[in-house]
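Residue numbers (our numbering), protein chains in the order written: chain U, 4 to 595; chain Z, 5 to 683.
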Amino acid sequence: MNKDIAIKVCAGTGGVASGGEEVLSAFRNSISSAGLEATIYEKCSAHRVGCRGFCAKDVLVDVIINGEKTTYKHIKPDMVARIFDEHIMKGNPVTEWIVGEAYFNFHNKQTKVVLSHCGEIDPEDINAYIAVGGYKAAKKAFASMSPEEIVDVVKSSNLRGRGGAGFPTGIKWELGLRIESDIKYVICNGDEGDPGAFMDRSVMEGDPHAVIEGMIICAKATGSHHGYIYVRAEYPLAVKRLQMAIDQCKQSGFLGNNIFGTDFGFDLKIFQGAGAFVCGEATALMRSIEGKRGMPTPKLWRSAEKGLWDKPTVLNNVETFANIPRIIMNGANWYRNLGTDRSGGTKVFSLSGKVKNTGLIEVPLGVTLRDIIFDIGGGIEGEKSFKALQTGGPSGGCIPAEFLDTEVDYESLAQVGSIMGSGGMVVLDETSCMVNTAKFFLEFTQAESCGKCTPCRIGTKRMLEILERITSGNGKEGDIELLEELGHHIRATSLCGLGMTAPNPVLSTLRYFRNEYESHIRDKKCPAAVCKDLITYSVLEEICNGCGACKRACPADAVRGKRKSPHRIDPEICIKCGTCFDACKFKAIIKI
Amino acid sequence: MEKLVELQIDGKEVNAPLGMNLIDAAELAGIHIPHLCYLKGMRGFGACRLCLVEVEGMKDPVIGCNTKVKEGMVVQTQTERVRDIRRFVLDLILAIHPLDCLTCTKAGVCNLQQYAYEYELKDTSFTRKKMGYPIDQLNPFIRRDPLYCILCGRCIRVCKEQGTKVLDFIGRGINAEIGTAYNKPLRESGCTFCGSCIDACPVNALPEADRWRKGREWEYIKTKSACLFCGSGCDILISTKDNSIQKINTGAEPGSAKKYICAYGRFGYDFIDSEKRIAAPLKRLNGELKETTWKDALNIVAAKLKEAGGNTGFMSVAGMLNEDALTLKRFAKNVVKTKHFDTTMSLYSDVRSLKDSHSSLITTSDLIVLVGLNPSQWNRILPALNASIRKRVHRGGKLIVINSDIDASETRIQEVATVSLEGDEIPILKGIAKALIEKGEKADIQLKSAVSDAEISKDIEMAAKLILEAKNPLIFTSPSLFEASANISLIKGKVIAVGLESNARGMAQIGLTTEGKTYKEMASDGMKALYVIGEVPLVKRPDTDFLVVQNSHLTELAEQADIVLPATTFYESDGTILDYLGRFKKVSKVIEPLGASKNHRDIFITLSKILKSPMKKPTEAEIEKALKGKPKITFRPFVRKTGFDISPKEFIEAINASVLKSRRLSWLLELKSSRAVAA
Ligand SMILES: Cc1cc2nc3c(=O)[nH]c(=O)nc-3n(C[C@H](O)[C@H](O)[C@H](O)COP(=O)(O)O)c2cc1C
Ligand code: SF4
Ligand code: SF4
Ligand code: SF4
Ligand code: FES
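Below, the structure written as structure tokens:
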């Protein structure tokens with residue numbers, strides 16, 4: 004009996020945090036100790052694989068026996084023995100741990116281009132990448148394509164920058180190619196500072212070679228011999244894997260002097276950023292590599308003309324680069340046809356919030372928001388109703404239900420008042436307060452403002468103060484108009500994208516959910532019952548059976564009442580922590 | 005000529021040089037585009053957002069500080085839209101800026117005040133907020149009050165550009181502020197207290213420490229002059245009120261970062277009325293110096309000079325005005341009839357090197373070569389040369405440093421060099437000359453054969469390449485290496501020997517250079533009478549029968565003199581100098597002489613009258629004629645001249661000993677030595 008066994012353990016950051024390494028070594032131990040008795044496991048190997056995009060279910064483990072794959076979720080080290088015994092030894096999968104339908108729905112409705120290797124190959128092994136066709140594209144570019152040809156393919160693929168602004172990548176490269184200079188740079192932007200975003204991290208951790216290959220092709224296309232990958236220092240695993248990949252490339256002759264046996268050299272380095280959000284902005288990022296404070300500088304020239312150290316520079320996002328090898332191999336038409344007329348290909352999003360399935364997803368541009376939320380995401384969690392989709396991270400906006408049939412691309416999202424951004428998607432349901440949501444994002448941007456230009460530095464703080472006043476019940480007539488005025492001015496006058504987009508969450512919620520602002524200001528009520536200062540907790544005496552759970556739970560001793568008779572909350576003492584609300588099994592406590 | 009482009013600003017036709025930004029172009033047409041963060045002479049920074057203007061064909065307003073003129077551009081600077089934006093920006097700034105213009109030091113010259121007035125903002129429409137930052141006033145020079153700061157970043161940029169790099173932005177968002185490393189007080193940072201940041205700040209965040217209640221800006225009389233404390237001879241702007249100096253700034257136009265002065269030049273003026281200032285002539289009576297009248301003192305001096313005649317020695321500093329120098333020379337030669345007159349210049353330079361130096365400007369040179377010179381802001385050895393070169397490099401110029409003593413120099417200038425050549429300067433210069441010739445540059449036979457044995461390293465090759473590529477290379481050399489350096493300029497570029505005193509070149513041109521004994525010889529050879537003018541670096545009375553010291557302060561040497569004549573400082577006397585770059589500069593009398601002090605030339609003229617061969621003040625034409633002269637550079641052997649081995653730092657400190665003893669600068673020297681101990 005000769006079984007071909009492969010075990011794959013999720014080792015992305017989510018996986019590692021949930022104990023991926025321990026699970027991995029538990030499998031290793033089982034295999035090696037079993038290996039003493041028989042030789043049937045000789046082909047068995049335990050890979051580390053990158054993020055599989057189903058974060059809620061970590062640690063994920065694939066057990067593949069003779070090509071038949073079974074995926075387990077929530078695996079802990081002490082569960083390994085049972086999988087080993089029952090499934091690997093006896094051939095009976097442990098059914099109660101197997102992922103359910105949701106997992107398959109989640110994956111089957113997606114189109115994986117950038118994420119196709121993540122979770123499938125060992126990111127620490129260049130041979131694994133080569134085995135799935137890696138570096139063929141770069142070799143092709145070096146062996147048989149002129150820089151102009153490469154640029155043409157990228158141009159006609161309709162690939163647009165995945166870092167947020169959606170600038171056509173081919174045109175950027177063309178500018179880079181046309182400018183003459185003794186030194187040119189290629190930079191990969193792996194700063195990824197949006198709160199909760201981890202698309203680029205997953206690619207850097209799960210498929211680092213694809214990013215590097217994309218950069219090598221870019222170097223060839225633009226005649227550049229120096230490159231940097233800018234990664235935030237908070238991504239140590241990405242740094243480690245990229246560094247391993249760079250070292251392996253150098254050994255294989257894919258980086259360094261004379262790459263692929265030609266006389267073309269490309270030297271690639273990693274630069275670890277301090278991790279400020281604004282450092283993801285192209286000019287701030289370049290200043291940071293130059294050793295200066297990461298502050299945006301006004302653009303007098305395009306970076307393609309004067310970028311890093313005033314030399315022509317092509318700067319692209321991680322995902323943008325990771326698309327390149329596929330485009331070169333499969334052709335511009337294939338990629339273009341995946342997407343819409345205006346933007347080709349797929350986009351990775353991180354889906355989070357109040358949906359059933361959360362995690363990284365990759366969809367062709369042009370799918371509707373409804374498909375994303377209800378098919379891939381499995382719909383809203385619990386019995387709640389959808390309220391809005393926040394896209395684009397702190398620079399983005401909230402899209403209400405009436406636009407759920409919007410087809411995702413740069414222009415259509417902008418049309419409904421939001422942006423694609425780097426791909427954050429947060430689903431909000433009826434329990435989300437839109438004023439509070441806007442405040443949350445503005446808190447982030449105003450704290451991350453580099454402080455250089457007046458509108459962003461002082462203006463966002465002024466907006467935040469107004470929002471704080473509204474959510475704490477001190478809103479005044481005229482506040483909404485003031486917010487709008489501030490927002491429009493800040494948008495029009497800020498130096499960089501951070502300031503220009505910082506008012507978006509406020510302006511878009513004002514556009515669609517103005518009534519919520521009005522309730523906060525006029526009625527001093529938070530319709531979603533989120534804003535602490537505007538809600539009161541009280542006991543429905545008809546329902547309360549006097550079990551006393553709330554009384555025991557309350558940290559402020561605000562609940563009064565005798566056992567077996569209805570309780571009451573003293574509003575003077577209540578600190579609105581909501582503990583009693585959660586503690587009551589009979590839903591006798593309400594917040595309004 | 006620069007290429008001009010034609011554009012329209014607010015309906016006016018403007019011809020502006022290619023590459024100019026809109027703020028400067030508008031100014032050509034007399035139109036002011038409001039701005040707070042832009043500093044003339046530097047790249048636009050884009051922080052304040054006040055300079056937004058509308059350009060036809062552009063959807064959104066653009067910033068004037070960073071948008072360059074284009075042919076046919078149509079610009080509007082006063083549309084309702086941009087005025088609205090400016091009002092908004094100012095409104096935001098006022099939300100966190102104190103509104104105490106009533107007592108604010110900067111009132112009248114504060115740019116924020118000016119714009120608030122123009123845009124009719126009495127107060128902010130937002131909630132006012134106090135940031136509660138502490139004030140740094142732990143030094144006698146600069147008061148740093150972050151409460152007023154509008155974060156324009158000007159101070160940071162001037163400090164960075166000149167190479168001191170003390171300040172930076174710290175913090176984020178609304179909590180962003182300007183600070184030093186670890187936000188220590190300036191005293192504990194690497195600050196040299198040059199005060200460049202004072203000149204850069206548009207508001208009241210960085211005034212002089214003693215500036216408050218020293219008078220309103222509009223009460224001041226502002227006079228351009230030059231500083232005579234060291235060989236840089238910087239342009240300064242002196243503010244006076246009621247016959248007293250209130251403050252000194254750089255001589256650059258306000259709101260520009262074009263010039264630099266050091267702490268001596270800016271704060272050293274306290275020495276005018278320090279304890280050691282002499283207000284009346286002194287004569288030695290029973291071993292003690294006692295006040296006397298001018299008449300008495302000068303009669304004694306005249307008698308002694310007459311007696312000593314050709315055995316009289318005149319020793320002076322070279323930081324002396326041309327008018328004084330020419331009068332002194334005539335007095336010595338024609339009245340006292342002695343050949344022995346010399347200046348401190350002879351301690352660090354020969355005459356020829358200075359006379360044969362070219363005239364040029366740092367700002368127009370695209371390549372600077374620094375040979376055997378150690379300018380340092382930290383040690384205040386030609387600090388302005390250090391700062392100006394760094395500025396030039398920052399703005400795109402290249403720098404070659406050739407120095408045999410880089411480590412000892414502490415100059416740190418090589419950190420910004422494109423090529424730094426460490427080692428004996430002579431073979432390096434020969435190598436460069438040879439490399440230039442090998443690259444096809446013309447040279448005469450003598451020069452060719454002189455460098456035939458030179459070695460060319462990779463760096464020398466690189467330096468030669470830079471010289472070849474440059475349009476206006478400019479070599480600054482220590483005088484001892486002038487000939488060797490000048491040989492390069494025979495092939496390409498200009499060459500300037502840099503002296504340590506403000507008017508060394510003037511001395512050389514005027515010829516206040518000995519025809520008999522040198523300065524050093526007079527100090528040791530036992531002259532019958534010695535007449536010392538200015539603060540010469542002597543602390544022990546030379547062997548002489550009669551010593552006159554003519555100076556503003558009672559120096560250690562003066563205390564040992566027979567007669568002390570009170571002279572004016574350069575703030576109390578009109579005149580001119582010829583600076584190291586060959587520029588003729590005016591020095592202005594901004595206050596009346598203290599007590600009975602007189603300027604040098606008047607003293608000599610009075611003496612000449614007593615001695616019965618009366619002289620006149622030199623006329624402007626005479627001065628001009630005396631300063632004329634063309635450099636004559638011919639091939640000279642590649643050798644280092646000897647005898648000029650004084651320590652520049654000790655020398656500059658010695659000739660400014662009285663200045664450095666003033667209240668504030670003595671604090672600085674103490675700080676410096678304590679920093680050195682700490683390091
Ligand atoms: C405040 C701010 C933060 C940004 N952060 C990122 C980032 O983390 N990653 C990124 O790729 N682009 C970021 N960008 C966009 C970059 O400026 C730039 O447009 C992009 O990296 C270009 O690459 P692309 O054309 O491939 O999208 C940011 C922009 C702004 C204004
Ligand atoms: S918009 Fe904000 S982040 Fe961007 S430069 Fe201005 S202050 Fe800095
Ligand atoms: S005084 Fe001079 S060195 Fe000190 S902070 Fe200001 S500019 Fe910098
Ligand atoms: S201290 Fe003055 S010059 Fe410096 S940033 Fe503040 S306002 Fe500008
Ligand atoms: S002067 Fe242009 S932004 Fe400040």
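Note that beta-carbon positions come from the ideal geometry of N, C-alpha and C, so glycine has one too.
Remember, it's a predicted structure, so these values are computed and weren't measured experimentally.
Can you check which of these residues, the options, is closest to residue i by C-alpha distance?
i        : options                                   : result
Z:MET62  : Z:LEU54, Z:VAL79, Z:CYS52 and Z:CYS69     : Z:VAL79
Z:ASP448 : Z:THR638, Z:PHE271, Z:THR244 and Z:GLU505 : Z:THR638
Z:LEU371 : Z:LYS496, Z:ALA625 and Z:SER408           : Z:LYS496
U:GLU488 : Z:ARG640, Z:LEU26 and Z:LEU96             : Z:LEU96
U:PHE30  : U:ASN260, U:ASP81, U:ILE68 and U:GLU71    : U:ASP81
Just to check, is the beta-carbon of residue i closer than 7 Å to a non-hydrogen atom of ligand 4?
i        : result
Z:LEU155 : yes
Compute the distance between the beta-carbons of residue i and residue j, then report whether it is under 8 Å.
i        : j        : result
U:VAL429 : U:GLY380 : no
Z:SER687 : Z:PRO477 : The structure shown does not extend to residue 687 of chain Z, since chain Z is modelled only from 5 to 683, so the question has no answer here.
U:LEU162 : U:ASN326 : yes
Z:GLY177 : U:LYS464 : yes
U:GLY476 : U:SER346 : no
Z:TYR584 : Z:THR347 : no
U:PHE257 : U:ALA141 : yes
Z:GLY376 : Z:SER482 : yes
Z:VAL420 : Z:ARG384 : no
What three-state label does DSSP hand residue i in the structure shown?
i        : result
U:ASP585 : helix
Z:SER677 : helix
Z:VAL594 : coil
Z:ILE249 : strand
U:GLU480 : coil
U:TYR515 : helix
U:TYR44  : Low confidence applies here, because U:TYR44 scores a pLDDT of 32, under 50, leaving its location unreliable and the question unanswered by this model.
Z:HIS39  : coil
U:LYS455 : coil
U:CYS191 : strand
Z:MET24  : coil
Z:ILE282 : coil
Compute the minimum distance between the beta carbon of residue i and the heavy atoms of ligand 1, and state whether it is under 7 Å.
i        : result
U:CYS436 : no
U:ASN161 : no
U:VAL281 : yes
Check whether the Cβ of residue i sits closer than 7 Å to any heavy atom of ligand 3, and report yes or no.
i        : result
Z:GLY269 : no
Z:SER489 : no
Z:CYS163 : yes
Check whether the Cβ of residue i lies closer than 7 Å to any heavy atom of ligand 6, and answer yes or no.
i        : result
Z:ASP547 : Absence of ligand 6 is noted for the structure shown, with ligand 1, ligand 2, ligand 3, ligand 4 and ligand 5 being the only ligands found.
Let me confirm a value: residue i is counted as buried when at least 16 other C-beta atoms fall within 10 Å, else exposed. Which label applies?
i        : result
U:SER353 : buried
Z:GLN250 : buried
Z:TYR121 : exposed
U:PHE107 : exposed
U:ALA41  : Because the pLDDT of U:ALA41 is 32, which lies under 50, any placement of that residue in the model is unreliable, and the number read from its coordinates should be weighed accordingly. Exposed is the call here.
Z:GLU58  : buried
Z:PRO641 : exposed
Return yes when the C-beta of residue i is under 7 Å from any heavy atom of ligand 5, and no when it is not.
i        : result
Z:PHE574 : no
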